[in-house]
Amino acid sequence: MKFGWSKAVLLACVIALMSAPAYAKTIKIACASPFSGPAAAYGDNVKAGVTMKVEEINAAGGIGGAQVEVVWMDELCDPKEANTVASKIARDEEIVGIVGHLCSSAHLAALPTYTRTGIAAISPTATNVAISDQNKDRKGLVWSFRDVYRDDFQGKFLARYAKEVLNVTKVAVFYENNDYGIGLKDAFVGEAKALGLSIVGEEAYVKGTPDFTPQLTKLKAAEPDGIFLSGYYNEGALIASQAKKIGLDVLKFGADGFDNMDYIKLAGDAAEGTYITTPFLASEAGPEAQKFLADFKARYNRDVDYMSANAYDAAGILLLAIEKAGADRAKIREYMAGMNSPEKGYTGVSGLTYFDEHGDAQKPAFVKVVKNGEMLPAQQLK
Amino acid sequence: MLEQLLPQLVNGLTLGVIYALIAVGYTMVYGVIELINFAHGEVYMFGAFLCVTFITAVGMPFYLAIVAAMLCCAAIGMFLDLVAYKPLRKAPRLAALITAIGMSIFLQNLAMVIWGSRPLPFVQEAVPAYLNETALSFSGVYLTWLQLFIFGVTTTMMIGLMLIITRTRIGTAMRALAQNKTAASLMGINVNFVIAFTFALGSAMGAVAGILVSVYYNSLYPTMGYVAGVKAFAAAVLGGIGSVPGAMLGGIVLGVAEALGAGYVSSLYRDGVAYAVMIAVIIFRPSGLLGKAVIDKA
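Chains as they are written, first to last, in our numbering: chain A, 176 to 557; chain F, 16 to 313.
The structure is reproduced here in structure tokens:
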């Protein structure tokens with residue numbers, strides 16, 4: 176009899192343990208970005224934004240009582256790794272949605288897996304044009320969304336800005352040899368030529384090299400009055416300071432890849448007078464955004480860049496979809512695809528986001544300029 | 016076209032002497048124990064980070080911080096040998112090679128844990144101001160004092176290294192080891208000590224290269240050792256792996272080839288041109304520019 180009692184107690188314990196997860200239920204989402212390797216600094220920005228959103232929601236009681244858990248997936252901004260990571264995410268049935276990828280090249284490589292297995296991804300930063308056509312499955316359903324504008328929009332915008340506001344005529348182009356740098360450059364060059372600007376030189380660089388003087392020396396010989404830098408701020412800062420060193424002191428402008436205070440920190444004086452387009456301008460953002468800016472600064476001891484702001488909003492959109500549609504991959508996609516008009520959109524710190532039929536966000540571009548070591552709003556193009 | 020030649024040559028030379036400084040570390044270790052130390056690029060990266068840390072956290076002046084970073088990197092080099100390579104001395108060479116790659120990844124991630132993944136600017140306030148001023152300017156060439164400093168430091172270090180190798184007892188022991196390890200130990204040479212010394216010397220020079228690069232470009236990041244390491248390895252092979260003057264020449268040739276390749280062929284083929292030069296040399300001179308054709312110890 177005694178033996179039976181202890182058995183019953185043991186059984187009760189086992190039942191209690193097994194049922195415990197039902198109370199502490201979690202909702203899993205993945206965040207796929209480079210967290211190590213040469214692009215880790217950019218992944219760090221995305222991680223900061225997503226972390227803040229998720230912690231906020233968890234602190235407010237989670238979604239329907241369940242806490243949100245983020246599975247961080249490091250893909251090194253490398254298409255091969257992105258492919259592996261994508262299959263890993265698709266196989267893990269507990270993961271219901273993805274924030275990522277950061278790099279266009281990685282996002283493109285992961286897309287076939289997402290469309291085939293039916294899991295929705297929202298990228299905060301991938302701007303390459305090709306994504307719009309490759310994010311659909313056989314039935315034409317869109318599985319990847321992005322909370323950022325496309326390269327062609329930004330490139331064309333920059334060309335118009337260069338002509339109408341910056342008044343340059345002879346432009347040199349220095350671009351990073353990847354999907355982002357080339358896509359942006361092609362859009363810029365096409366529009367610039369149509370507007371009558373002359374492109375006096377086009378040079379490329381590869382991520383990871385610290386020395387850009389050979390290319391800059393060549394561009395200097397072409398005597399441009401403006402230089403368009405199509406790439407990210409890490410290399411951009413080196414380019415700006417090396418250009419100054421060799422006496423190539425002309426007007427510089429770049430796209431959202433430059434929107435980070437590290438650009439000024441690394442380039443110092445050489446950053447002065449650089450024009451930058453961005454989807455996120457703190458001074459144009461509403462009161463909710465101002466709170467985010469302050470919280471971010473307090474927590475990470477640095478200023479918000481557009482990557483963090485977009486990642487914060489992208490996580491917000493995904494979690495809203497989970498809240499409304501439930502933790503079901505297909506329904507989450509359906510909900511996000513339904514956010515297709517300003518009324519059904521999502522208002523985050525970067526403004527209103529809604530998607531067109533390709534899953535692309537409709538967002539305005541703002542222009543900033545570096546002045547006295549700060550990024551200030553520049554004259555906007557109407 | 017021609018007006019570019021001089022500035023491009025200067026660009027290439029600055030890059031080249033730094034490659035040479037790293038390549039020497041590869042080539043010395045290879046000369047002594049026939050191991051390609053793939054973690055050497057990471058020692059170079061640690062040199063830069065340690066120097067910045069000594070300046071910011073300890074408050075050392077610039078030149079003292081360089082010396083302190085060199086000493087620390089020498090210790091890291093010896094530690095690498097002790098932990099990763101010494102236990103594998105008698106193992107097949109492939110095992111040591113894989114360990115080297117493993118150590119490289121380990122050190123890179125360790126740096127990311129300690130200093131974070133975001134690139135840091137070099138502490139410009141600590142760098143003597145004159146270094147950033149233009150020293151010479153002629154026909155489109157701008158030479159800063161920093162560039163002259165880089166040339167000066169590398170030349171001094173190379174001469175010092177050659178003196179150590181040719182004029183001192185430990186240098187003689189290193190050369191003896193390179194000839195035949197067993198025979199050297201039979202002659203009473205403390206093999207493990209000489210190997211540790213080689214690692215220390217190469218690592219200290221790598222640290223200087225890392226510091227010079229991070230001051231020159233005003234940027235340091237945990238993955239900076241990878242590309243530098245690959246280039247320096249190519250330079251060592253180009254010069255004839257195992258030969259110290261070869262590594263110096265190889266570094267300079269590679270740096271100049273890269274700059275001219277980027278300037279005259281296409282910037283996208285920049286690395287391609289550098290490696291094409293290396294491959295061409297190896298095809299026509301399999302032992303490298305200054306390497307001697309060795310009959311394999313069978």
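Glycine residues also receive a C-beta, built at the ideal position from the N, C-alpha and C atoms. Computed from a predicted model, the values in this text were never measured in an experiment.
Check for me: the alpha helix (DSSP H) holding residue i runs from which residue to which?
i        : result
A:Met227 : 215 to 234
F:Cys87  : 77 to 95
F:Met293 : 285 to 299
F:Thr68  : 55 to 68
A:Met511 : 504 to 512
F:Ser200 : 196 to 201
A:Asp354 : 354 to 369
F:Ala72  : F:Ala72 -> no alpha helix (DSSP H), and no H or E assigned at all.
Counting contacts by CB-CB distance shorter than 8 Å, is residue i in contact with chain A?
i        : result
F:Pro134 : yes
F:Ser282 : yes
F:Gly278 : yes
F:Tyr157 : yes
F:Ala111 : no
For residue i and residue j, I'd like the C-alpha separation in whole angstroms.
i        : j        : result
A:Gly520 : A:Ile414 : 39 Å
A:Tyr198 : A:Val479 : Model confidence at A:Tyr198 stands at a pLDDT of 41, short of 50, so the residue's coordinates are unreliable; what they give is reported in the following sentence. Their backbone Cα atoms lie some 36 Å apart in a straight line.
F:Val73  : A:Phe433 : 33 Å
F:Gly221 : A:Ile492 : 48 Å
A:Gly315 : A:Ala512 : 12 Å
A:Gln554 : A:Glu339 : 11 Å
F:Ile116 : A:Thr528 : 45 Å
A:Cys278 : A:Leu359 : 13 Å
F:Gly261 : F:Val47  : 15 Å
F:Ala243 : F:Ala250 : 10 Å
F:Tyr231 : F:Phe153 : 20 Å
A:Leu333 : F:Asn124 : 38 Å
A:Ser194 : A:Gly237 : Because A:Ser194 carries a pLDDT of 49, less than 50, the predicted location of this residue cannot be relied on, and the following value inherits that uncertainty. Cα-Cα distance, rounded: 20 Å.
F:Tyr157 : F:Phe137 : 21 Å
A:Pro539 : A:Phe428 : 18 Å
A:Asp437 : A:Arg474 : 17 Å
Return no unless some Cβ of chain F is closer than 8 Å to the Cβ of residue i.
i        : result
A:Asp478 : no
A:Ile421 : yes
A:Gln465 : no
A:Glu351 : no
A:Asn547 : no
A:Leu493 : no
A:Pro299 : no
A:Lys360 : no
A:Ala415 : no
A:Glu447 : no
So, helix, strand or coil for residue i, using DSSP?
i        : result
A:Tyr324 : coil
A:Ser416 : helix
F:Ser302 : coil
A:Val558 : Examination of residue 558 of chain A is not possible in this model, given that chain A is present from 176 through 557 alone.
F:Ile256 : coil
A:Trp552 : According to the sequence as given, residue 552 of chain A is Pro; it is not Trp. Strand, per DSSP.
A:Gly383 : coil
A:Leu316 : coil
State buried or exposed for residue i, treating a residue as buried only when at least 16 other CB atoms are found within 10 Å of its CB.
i        : result
A:Arg504 : buried
A:Ser262 : exposed
A:Arg313 : exposed
F:Pro301 : exposed
A:Thr452 : buried
F:Leu109 : exposed
A:Lys466 : exposed
A:Val225 : buried
A:Asp470 : exposed
A:Ile439 : buried
A:Lys546 : exposed
F:Val98  : exposed
A:Asp444 : exposed
A:Met514 : buried
Identify the continuous beta strand (DSSP E) that holds residue i and give its terminal residues.
i        : result
A:Phe349 : 345 to 351
A:Asp488 : No beta strand (DSSP E) holds A:Asp488; the alpha helix (DSSP H) holding it covers 481 to 500.
F:Gln123 : Per DSSP, F:Gln123 belongs to no beta strand (DSSP E); it is in the alpha helix (DSSP H), 108 to 130.
F:Trp160 : Here F:Trp160 belongs to no beta strand (DSSP E); instead the alpha helix (DSSP H) covers 160 to 182.
A:Phe210 : Segment: none, A:Phe210 is in no beta strand (DSSP E) and carries neither H nor E.
A:Leu527 : 526 to 528
A:Lys546 : 541 to 546
Is residue i near the ligand ADP, judged by its Cβ being under 7 Å from some heavy atom?
i        : result
F:Leu275 : In terms of ligand content, the structure shown is empty, and the ligand ADP therefore cannot be addressed.
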